[in-house]
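Participant: This is the structure, below, for whatever I ask next.
Protein chains: 2
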Amino acid sequence: MEFEFCTPTRVIFGRGSEGRVGEIVSSYGYRRVLFVYGGGSVKKSGLYDRVCESLASNGISFSELSGVKPNPVLSLAKRGMALARETGAELILAVGGGSVIDTAKEIAIGALDGGEHWDFALGKRTPERALPVGVVLTISAAGSEMSSSAVLTNEEDGSKRGYNTPLHRPLFAICNPELTFTVDKYQTASGIVDILMHTLERYFAPVPDTEITDAIALALCREVVKAGRIAYENPQNYEARASLMWASSLSHNDLTGAGRFFAGTCHRLEHEMSAKYDVAHGAGLAVVFPAFAKYVYRLAPERFARFAREVFAVTLADDLVAAEQGIEILSSYFRSIGMPLTFGELGIPDPDILDMARRCSRDKTISLPSYIKIGYDEMLDIYRLML
Amino acid sequence: MEFEFCTPTRVIFGRGSEGRVGEIVSSYGYRRVLFVYGGGSVKKSGLYDRVCESLASNGISFSELSGVKPNPVLSLAKRGMALARETGAELILAVGGGSVIDTAKEIAIGALDGGEHWDFALGKRTPERALPVGVVLTISAAGSEMSSSAVLTNEEDGSKRGYNTPLHRPLFAICNPELTFTVDKYQTASGIVDILMHTLERYFAPVPDTEITDAIALALCREVVKAGRIAYENPQNYEARASLMWASSLSHNDLTGAGRFFAGTCHRLEHEMSAKYDVAHGAGLAVVFPAFAKYVYRLAPERFARFAREVFAVTLADDLVAAEQGIEILSSYFRSIGMPLTFGELGIPDPDILDMARRCSRDKTISLPSYIKIGYDEMLDIYRLML
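Chains as they are written, first to last, in this note's numbering: chain A, 9 to 395; chain B, 9 to 395.
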């Protein structure tokens, strides 16, 4: 049990909190921001207007970068970096979900850097400074509002890469669960899977048990499953939406990683899928995790059994059987909230798994950490389980 | 579910981490610190020498304030403030447990303030700035290493008062569970009670259920009970000591307060006891909580029953009966780790409960928030249950 933990993001959580965005930006002394968002939904809901008004009434001027899409791309972030420099932005304000926040994080770093930005994703350089990022969160999923990571897709070679730095942690995150009332069922479900997976990537990392962290992780999963079901059926249930929103932050702010690490196995396998076929990240993870779990659970039956018992109240005494039942129940849960479990259901009837395994293993040069090393051959095996 | 959450303290957790104190202080650019500690144990264990060496080898000069005792006093903190000013300390380094950390926090504020320091505790003024505080933690109990609170006793009138400010959150906390191997059984047990109570003061605050927060709170309690038993029996068990140490931070950094508040009922009742009779805070809380719980559980039977079921695996279906059994099991647990359950067992055979209730209610002018208002009469009733 050894770790560092530092999650300084200030969370302002509750109904109507987005109305305070101008006041909060202003409280830090910033007068000029770059306002980053996606498009349609923020305008349709009136959130765009409310944010503009709050900024203006607090004397904050802003320029805008819109058009961020799911699986956000490097080229748009680069446009944002240029715009931030030109306009002298002092803070990058992300109004949206993970894609918008990740774009804002990269802009915040790139705006102060003259070099090739993709170097950071490739691990060739480490960023040393960044503008502050503020968030108004509209989707409970990625946990980017408190996390130290950001992921972009480089359209030039189709690669999707993320990296971690403390600079990525936002200065503040305004979290109003009401803003997620209009998130549709598919996006809500994708978010639920994403939240669960941020905790499970750490819970199933191949390190010894970490009692406090494990107990918190499983409690979070149990509540996300419960709240997810309610929010899926009743999108305007404040308590369920609040549980999902707070869980999205806690699942990726490293609380569930204390003494552990983010294995990222399922995320890496999925990144190749969403980079190549542009599927929703959470939906892709719903396909990946059961296949991954079936592939490795025999190597850590106690751990999978504990997951089954504490999250799904499985009472079977035998670890292997309990583990299997846990994976089955989770798969059924995914299905019950409209998530796919196979490539076909994900809308990829004829996936090029050879290419994805090749890319994921960086041409067979790397393997991912799990209870066994997941190299090219194992990746292929796991992708085959998703057919 | 509305709250603000901001816990920026950087936690450096693990074996040998105290050896990095000089490097960490230096990484922030500080060159001159005030080193605050208690006395005997830090010197006997060699920790004092290791900290001095780490500071010196990183070119950090320091002056010292020693002699902090349990239930720390205002007069010593004032001496520290003067010393910090005289020596131009840039950071206050607390090496110890809650008493040392709380003293350091008050010094950090008072060193930059010219006015009457007790005004802050009395709520007459709000502190606006503070020197940074660094911590090397030696006791798992108070959670002061990540909390926004500090408590001192004013010897002039015998009052014990705390207050909250974001300025109280330490800059960093170095947490090596090995440093707690030598904490004796009584202090270990007092710490266990203190940790549990920081979570329970929030869990039993009279507000609606907060699913994520409640689940985390109960998971923490369950693990603290388990790890507490192990650490009590086997003081050198690293995993158990690590669980207690990390739980002490998480129980008071506001994670278990998201959407709730720190009711403080038991703390206020206990503060009068430790201020008047100088008992260990945690041991005092072990006497207070069962009495408090018996006094109020009928007003929130579901909540007490959930505590019983999730922390102690009580299976009784009736909420009232399950609640009662939970309180009984917790009391037995306290007894099993050598904690008192009555004034007599706490070493106060003839407590002046009239005076304590009078002080706690500020001469019958205030009441504490719980499922009913706890005013002078109710305080007396609860104190009577401890006889």
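Where a beta carbon is used, it is the ideal one built from N, C-alpha and C, also for glycine.
Per DSSP, what kind of secondary structure is valine 41 of chain A in: helix, strand or coil?
Facilitator: Here valine 41 of chain A sits in strand by DSSP.
Participant: Please confirm if the segment 175-194 of chain A is in contact with the segment 253-261 of chain A, defined as three or more CB-CB distances below 8 Å between the two stretches.
Facilitator: Contact between the segment 175-194 of chain A and the segment 253-261 of chain A is present, because at least three Cβ pairs lie under 8 Å.
Participant: Between methionine 364 of chain A and chain B, is any beta-carbon pair separated by less than 8 Å?
Facilitator: So, not an interface residue.
Participant: Closer than 8 Å by beta-carbon distance: list the chain B residues that pair up with isoleucine 20 of chain A, in chain order.
Facilitator: Within chain B, the residues near isoleucine 20 of chain A are Glu12.
Participant: Please list the segments of the alpha helix (DSSP H) lying wholly inside the segment 102-150 of chain B, counting only runs of 4 or more residues, in order along the chain.
Facilitator: Correct list: 106-118, 126-129.
Participant: What residue from A:Arg237, A:Phe212, A:Lys234, A:Val103 has the CA that sits closest to alanine 308 of chain A's CA?
Facilitator: Taking only the C-alpha atoms, the option nearest alanine 308 of chain A is A:Phe212.
Participant: Quick check: what's the CA-CA separation for valine 59 of chain B versus glutamate 336 of chain B?
Facilitator: Between valine 59 of chain B and glutamate 336 of chain B, the C-alpha separation is close to 44 Å.
Participant: Judging by CA-CA distance, which residue of A:Leu175, A:Val215, A:Glu241 is the nearest neighbour of arginine 268 of chain A?
Facilitator: Here the closest residue by C-alpha is A:Val215.
Participant: Tryptophan 254 of chain B CB to nearest chain A CB: under 8 Å?
Facilitator: So yes, tryptophan 254 of chain B belongs to the interface.
Participant: Let me know if threonine 323 of chain B comes out buried or exposed under the rule of 16 or more other beta-carbons within 10 Å of its beta-carbon.
Facilitator: By the 10 Å Cβ count, threonine 323 of chain B comes out exposed.
Participant: So is alanine 288 of chain A in contact with chain B if we call contact Cβ pairs under 8 Å?
Facilitator: No, because no Cβ of chain B sits closer than 8 Å to the Cβ of alanine 288 of chain A.
Participant: Below 6 Å CB to CB, which residues in the same chain sit around valine 304 of chain B once its five sequence neighbours on both sides are set aside?
Facilitator: For valine 304 of chain B, where only same-chain residues beyond five positions count, the Cβ hits under 6 Å are Ser378, Tyr379.
Participant: Under 8 Å between C-beta atoms, does methionine 9 of chain A make it to chain B?
Facilitator: Methionine 9 of chain A counts as touching chain B.
Participant: Thinking alanine 288 of chain B and proline 78 of chain B are a contact (beta carbons under 8 Å), I'd like their distance in whole angstroms, please.
Facilitator: That pair is a contact at about 6 Å.
Participant: For alanine 250 of chain A, decide whether its Cβ has a neighbour in chain B, counting only Cβ atoms nearer than 8 Å.
Facilitator: It does: the Cβ of alanine 250 of chain A has a partner Cβ on chain B nearer than 8 Å.
Participant: Could you round the C-beta distance between leucine 73 of chain B and threonine 161 of chain B to whole angstroms and report it? I think they count as a contact, below 8 Å.
Facilitator: So it is not a contact: roughly 17 Å between Cβ atoms.
Participant: Closest Cβ-Cβ distance between threonine 196 of chain A and chain B: below 8 Å?
Facilitator: No, because no Cβ of chain B sits closer than 8 Å to the Cβ of threonine 196 of chain A.
Participant: For methionine 9 of chain A versus threonine 264 of chain A, is the C-beta distance shorter than 8 Å?
Facilitator: Going by C-beta atoms, methionine 9 of chain A is not nearer than 8 Å to threonine 264 of chain A.
Participant: Could you check where the beta strand (DSSP E) with proline 16 of chain B kicks off and where it finishes?
Facilitator: Its beta strand (DSSP E) spans residues 11-21.
Participant: Taking the C-alpha atoms as reference points, what is the distance between isoleucine 200 of chain A and alanine 119 of chain B?
Facilitator: Each residue's alpha carbon lies about 48 Å from the other.
Participant: Cysteine 183 of chain B bridges to which residues according to DSSP?
Facilitator: B:Phe21, B:Leu145.
Participant: Measuring only the C-alpha atoms, how far is lysine 284 of chain B from alanine 235 of chain B?
Facilitator: Taking the straight line from one Cα to the other gives about 32 Å.
Participant: Please check if any C-beta of chain A sits within less than 8 Å of the C-beta of alanine 266 of chain B.
Facilitator: With 8 Å as the cut-off, alanine 266 of chain B counts as an interface residue toward chain A.
Participant: Taking the DSSP output, what are the residues bridged to leucine 171 of chain B?
Facilitator: What sits at residue 171 of chain B in the sequence shown is tyrosine, not leucine. Paired residues: B:Ala158.
Participant: By Cβ distance below 8 Å, which residues in the same chain neighbour leucine 362 of chain B in space, the five residues on each side in sequence not counted?
Facilitator: Leu388, listed in sequence order.
Participant: Take arginine 343 of chain B and list the residues in its own chain whose beta-carbon comes closer than 7 Å to its own, dropping the five residues that flank it on each side.
Facilitator: Around arginine 343 of chain B: Leu349.
Participant: Just by C-beta distance, which residues in the segment 196-222 of chain B are closer than 7 Å to chain A?
Facilitator: Cβ contacts with chain A: Glu219, Ile220.
Participant: Within the 8 Å Cβ cut-off, does glutamate 231 of chain A reach chain B?
Facilitator: Yes, because at least one Cβ of chain B sits closer than 8 Å to the Cβ of glutamate 231 of chain A.
Participant: What separation, rounded to the nearest whole angstrom, lies between the Cα atoms of leucine 55 of chain A and histidine 275 of chain A?
Facilitator: Looking at the two C-alpha atoms, the distance is approximately 31 Å.
Participant: Hey, quick one: how far does the beta strand (DSSP E) through glutamate 424 of chain A stretch, first residue to last?
Facilitator: No information on residue 424 of chain A is available, as it lies outside the stretch 9 to 395 that chain A covers here.
Participant: Over what stretch of residues does the alpha helix (DSSP H) that includes threonine 95 of chain B continue unbroken?
Facilitator: Counting along the chain, the alpha helix (DSSP H) containing threonine 95 of chain B begins and ends at 82-95.
Participant: List the residues of chain A whose Cβ lies closer than 9 Å to the Cβ of glutamate 247 of chain B, in chain order.
Facilitator: Near glutamate 247 of chain B (Cβ distances below 9 Å), the residues of chain A are Met9, Pro216, Asp217, Thr218, Glu219.
Participant: What is the rounded straight-line gap between the Cα of alanine 365 of chain A and the Cα of threonine 221 of chain B?
Facilitator: One C-alpha to the other measures close to 40 Å.
Participant: Show which residues of chain A have a CB atom less than 9 Å away from the CB atom of proline 16 of chain B.
Facilitator: Within chain A, the residues near proline 16 of chain B are Cys14, Thr15, Pro16, Thr17, Arg18.
Participant: What does alanine 227 of chain B touch in chain A if you count any residue whose Cβ is under 7 Å from its own?
Facilitator: Going along chain A in sequence order, the residues near alanine 227 of chain B (Cβ under 7 Å) are Ala223, Ile224, Ala227.
Participant: I'd like the span of the alpha helix (DSSP H) that includes aspartate 389 of chain A, first residue to last.
Facilitator: Its alpha helix (DSSP H) spans residues 384-393.
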